[in-house]
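Asker: Just so we're aligned, residue 1020 is where the sequence shown starts under the numbering used here, counting upward by one. Where is the CB? At the ideal position from N, CA and C, for every residue including glycine.
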Amino acid sequence: MITEIKTNTLYFDGCNTVELAEEYGTPLYVMSETAIVERCREIRETFLSKYERTRAAYAAKAFLTLSMCKIIEREGLCMDVVSGGELYTAIKAGFPAEKIELNGNNKSVEELALAIDYGIGRIIVDGLDELKLIEEICREKGKKANILYRITPGVKSDSHDYIVTGKKDSKFGIPLDDEVIFPAVEQAVNSEHANFMGFHFHVGSQLHNNESHLKALETALKLIKDTKDRFNYVTPELNIGGGFGIRYTDADDKKPYSYFLDPMMERIEEFSRELNITRPEVVIEPGRSIVGEAGITLYTVGTIKDIKGIRKYVSVDGGMTDNIRPALYQAVYEGVIANKADEPKNELVTICGKCCESGDVLIRDAKTAEPERGDILAIFSTGAYNYTMASNYNKNPLPATVLVKDGKSEIIVKRQDYEHMTANEVIPEYLK
Ligand SMILES: Cc1ncc(COP(=O)(O)O)c(C=O)c1O
């Protein structure tokens, strides 16, 4: 068990969370290496080893540090990046370039050139003029890039609108109108400077139902068939994205990877037999499902404001700066007072941050033990899209991150200090 209670105290991957808060300060991101490795193992056992010619590219946007790159490399996964900064981080950590795939709906010329210079494995083309840019860069550099087309499969997934990406009205992907997609495919098939590997879709995030994946798959398969029929070209690869949901609260009906992947693989194999083609290599891009439940955030409780008959606000020393998700799209979390983990949860409180926004609420209506100033509050399942979405709003420094494993802890991101926050700022002469 990654999470345990011993002597009224919360332990995470064998570490006493109250001691972690004392040693490293709060707010503090705590990532369990054991939990990350366990999810990678599940991917290997139920997908990579089960089906030949498959790859899993960890979606770095969920949580990316140099140490995370090392873990992902060690666990045998590839890496999906979406910016020059993510690409740079992976390369700086020594991650093999050929195992990196670049996504993104508006890659700059500089980012594309960087990717081509590094010789990364795949570029997922997300717009109609992007291939032209890639071709120009490759021509200049005398290189050839492996590309896929991200398509907009036109499916609506059952998740918050901000994390649904596959519907037709989306900034992501190439629309599937015949007069749009087929000239694009023709250009890719005939490209001198790109190897056209196939199609990519990603329907959305935090999904507990495989319906939209399966619907999008049908659309992609039809496109593979049309590409073969029209251009006599069999695409060797198919990327089916990520989006596999995790448990934030009891309301989340988390499924194993196999629930999504087995029916999709079965269908792809059946389709390939029918078409008499080699089954394309299948790639997945899981992010949240690898790191989400592997992280918790520790805070120190400060001001408590009890508005009689209305609400008790418990303020902590972080907030929307380290976890924007509740303010951004009403994400729901659970937490516990780590130093009172075994005490009855008879208090109904609202956990809020310290930022100057009324929307800076981390958990509305949480049931906790009696809170007091100085308590350590732990919020669960903060491993994905927290650290990577953090900001310096109100000039709050970014928290530190520690990696824990079997009772041992190591700092992997130092706490930002005030000097670092102002280091890039310049005062023009006339204001001095
Ligand atoms: C293209 C692409 N792949 C993979 C992911 C990862 O999704 P998740 O973290 O839900 O697995 C995302 C998330 O937005 C994405 O846009």
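Can you tell me which of the three DSSP states S1308 falls into?
Answerer: helix
Asker: Using the beta-carbon count (16 or more within 10 Å), is Y1352 buried or exposed?
Answerer: buried
Asker: So the alpha helix (DSSP H) F1201 belongs to, where does it begin and stop?
Answerer: D1197 to V1208
Asker: Quick one: grab the DSSP three-state call for V1128.
Answerer: helix
Asker: Could you name the residues that DSSP lists as bridge partners for R1141?
Answerer: E1120
Asker: What is the residue span of the beta strand (DSSP E) that K1424 lies within?
Answerer: A1419 to K1424
Asker: Note down, in chain order, each residue of its chain lying with its Cβ closer than 7 Å to the Cβ of P1418, except the 5 sequence neighbours on either side.
Answerer: P1046, L1047, Y1048, G1337, D1341 and R1434
Asker: Using the three-state DSSP reduction, which class does G1328 fall into: helix, strand or coil?
Answerer: G1328 sits in coil when the DSSP states are folded into three classes, being neither helix nor strand.
Asker: Could you tell me whether the Cβ atoms of A1313 and I1055 are closer together than 8 Å?
Answerer: Remark: C-beta atoms of A1313 and I1055 approach each other more closely than 8 Å.
Asker: Identify whether M1050 lies in helix, strand or coil by the three-state DSSP scheme.
Answerer: When secondary structure is reduced to three states using DSSP, M1050 falls in the strand class.
Asker: One question on the structure: do P1305 and G1261 come within less than 8 Å of each other, judged by their Cβ atoms?
Answerer: yes
Asker: Put N1413 into one of helix, strand or coil per three-state DSSP.
Answerer: When secondary structure is reduced to three states using DSSP, N1413 falls in the helix class.
Asker: Does the separation of the CB atoms of M1283 and Y1070 fall below 8 Å?
Answerer: no
Asker: By DSSP, does G1267 sit in helix, in strand, or in coil?
Answerer: Strictly speaking, residue 1267 in this sequence is Tyr, with Gly absent from that position. Reduced to three states, the DSSP call for Y1267 is coil.
Asker: By alpha-carbon positions, which one of Y1276, L1294, S1224 and I1259 ends up nearest to K1246?
Answerer: One point to set straight first is that residue 1246 is Thr, not Lys, in the sequence displayed. For T1246, the nearest C-alpha among the options comes from L1294.
Asker: Tell me, please, whether the stretch 1357–1365 touches the stretch 1398–1409 by the rule of three or more beta-carbon pairs shorter than 8 Å.
Answerer: no
Asker: Is N1165 closer than 8 Å to N1452 when the C-beta atoms are compared?
Answerer: Within the shown structure, residues of the chain are numbered from 1020 to 1451, placing residue 1452 beyond reach of any answer.
Asker: Can you list the residues near ligand 1, meaning Cβ strictly closer than 5 Å to any non-hydrogen atom, in the order they appear in the chain?
Answerer: A1078, A1081, N1122, H1221, S1224, G1260, G1261, G1262, E1304, P1305, G1306 and R1307
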